[in-house]
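For the sequence shown, the positions run 1 to 247 when full-length UniProt numbering is used. First comes the structure, then the notes that go with it.
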Amino acid sequence: MLYLFYGTDKIKARGMAGKTGEAAKKKHTGAELFKLTTENFSANKLDELIASQGLFYSGSIILADNLCEEKEIAEILLKKIKETAESPNFFVFWEESLNKKELEKFKKYAQKTEEFKKPEKKLNKKEELALKGEKIDFFEFANALGEKNKKQLWTLYQEALSEAVPSEEVQAIFFWQVKAMLLALKSKDASEAGLKPFVYSKSKNYAKNYSENKLKEMSAKLFVMYHEAHRGNLDFAVALEKFILGL
Numbered sequence: 001m002l003y004l005f006y007g008t009d010k011i012k013a014r015g016m017a018g019k020t021g022e023a024a025k026k027k028h029t030g031a032e033l034f035k036l037t038t039e040n041f042s043a044n045k046l047d048e049l050i051a052s053q054g055l056f057y058s059g060s061i062i063l064a065d066n067l068c069e070e071k072e073i074a075e076i077l078l079k080k081i082k083e084t085a086e087s088p089n090f091f092v093f094w095e096e097s098l099n100k101k102e103l104e105k106f107k108k109y110a111q112k113t114e115e116f117k118k119p120e121k122k123l124n125k126k127e128e129l130a131l132k133g134e135k136i137d138f139f140e141f142a143n144a145l146g147e148k149n150k151k152q153l154w155t156l157y158q159e160a161l162s163e164a165v166p167s168e169e170v171q172a173i174f175f176w177q178v179k180a181m182l183l184a185l186k187s188k189d190a191s192e193a194g195l196k197p198f199v200y201s202k203s204k205n206y207a208k209n210y211s212e213n214k215l216k217e218m219s220a221k222l223f224v225m226y227h228e229a230h231r232g233n234l235d236f237a238v239a240l241e242k243f244i245l246g247l
């Protein structure tokens, strides 16, 4: 008989293997308990445990402790898995990690398999952006501008400043969103605007928050701001703050 408990939550998987072994020992009075580890494992030892049956006790209970972490042991186990499952003895395996081939073999012959996964850590916004190699959320900025949400835009901009995000990146987001709103406002559909349908739809709705003249004014300001900042005639970061406050 063969049971398998496995997974990244090794405390729970190992604990369940131990509980299963103890429960089997209580059920089968006189059964001997053996622990098989990478330290004491050998092919001969496995053969002995598969075949052994006591005269004065009802079989053996073998707790196999993360054996497949050793490649050579895993190969021996896979060759003997059918015999192990058919043994009169009770084998309880705990494995932290199994490859596809190993898991399929165990599932084919085990009476029971159960996986225990560690709950995935929920990343905060900063960690999610770091995984993508970014410091700010492009779409969050663009959406706040489209919604004319000055308070959120100001908060996002302060976060960008604290992360030392270049002013050029923020200006580029603003310029892109304003341009998209102007294109959507003047076009019948996404194809004519040269925008993706989703972007067109959102920009069309956002454009309702501004007059056409205001959008043209914003576009001009952002264009001039970029060039004047690079000529050294104004502070880029301060100019962006004024732009946000002037919405």
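Just so it is clear, CB atoms sit at the ideal spot from N, CA and C, and this is done for glycine as well.
Cβ neighbours of residue i in the same chain (closer than 8 Å, five flanking residues each side left out)
i             : result
leucine 222   : Gln171, Phe174, Phe175, Val178, Phe243
glutamate 168 : Tyr226, Phe236
leucine 46    : Leu36, Ile76, Leu77, Lys80, Thr84
lysine 216    : Leu182
Distance CB(residue i)-CB(residue j) smaller than 8 Å
i              : j             : result
glutamate 7    : glutamate 115 : The question names glutamate, but residue 7 in the sequence shown is glycine. Yes. Within cutoff.
leucine 4      : threonine 113 : yes
alanine 17     : leucine 67    : no
asparagine 209 : lysine 148    : yes
leucine 33     : lysine 25     : yes
leucine 2      : alanine 110   : yes
Start and end residues, beta strand (DSSP E) containing residue i
i            : result
valine 92    : 90-95
aspartate 47 : Counting along the chain, aspartate 47 falls outside any beta strand (DSSP E), though it belongs to the alpha helix (DSSP H) covering 43-51.
serine 60    : 60-65
tyrosine 6   : 2-6
Proximal residues to residue i (C-beta, below 7 Å), its chain only, five neighbours per side dropped
i              : result
tyrosine 226   : Gln171
glutamine 152  : Ala144
methionine 218 : Val178
Exposure label - residue i; buried when at least 16 CB within 10 Å
i             : result
glutamate 212 : exposed
valine 92     : buried
leucine 245   : exposed
glycine 21    : buried
serine 60     : buried
glycine 30    : exposed
lysine 194    : Reading the sequence as shown, one finds glycine at residue 194 and not lysine. Classification of glycine 194: exposed, given that the 10 Å Cβ count is below 16.
asparagine 89 : buried
glutamate 163 : exposed
alanine 51    : exposed
glycine 146   : buried
Continuous alpha helix (DSSP H) stretch holding residue i: start and end
i             : result
glutamate 116 : A quick correction: the sequence has phenylalanine, not glutamate, at residue 116. Taken as a continuous stretch (DSSP letters only), phenylalanine 116 belongs to no alpha helix (DSSP H), as it is neither H nor E.
aspartate 235 : Taken as a continuous stretch (DSSP letters only), aspartate 235 belongs to no alpha helix (DSSP H), as it is neither H nor E.
alanine 13    : 10-27
glutamate 75  : 71-86
leucine 161   : 150-162
Residues of its chain near residue i, where Cβ-Cβ distance is below 6 Å and the 5 sequence neighbours each way are ignored
i         : result
lysine 10 : Glu96
Any chain D beta carbon closer than 8 Å to residue i
i             : result
tryptophan 94 : Among the chains of the structure shown, chain D does not appear; only one protein chain is present.
Q | Contact between the stretch 139-147 and the stretch 164-174 (3+ Cβ pairs under 8 Å) | A | The stretch 139-147 vs the stretch 164-174: in contact.
Q) When the Cβ atoms of the stretch 177-193 are set against those of the stretch 203-222, are three or more pairs found closer than 8 Å? A) The stretch 177-193 makes contact with the stretch 203-222; the number of CB pairs closer than 8 Å reaches 3 or more.
Q) Contact between the stretch 70-89 and the stretch 99-107: three or more CB pairs below 8 Å? A) Yes: the two stretches touch, three or more of their Cβ pairs being nearer than 8 Å.
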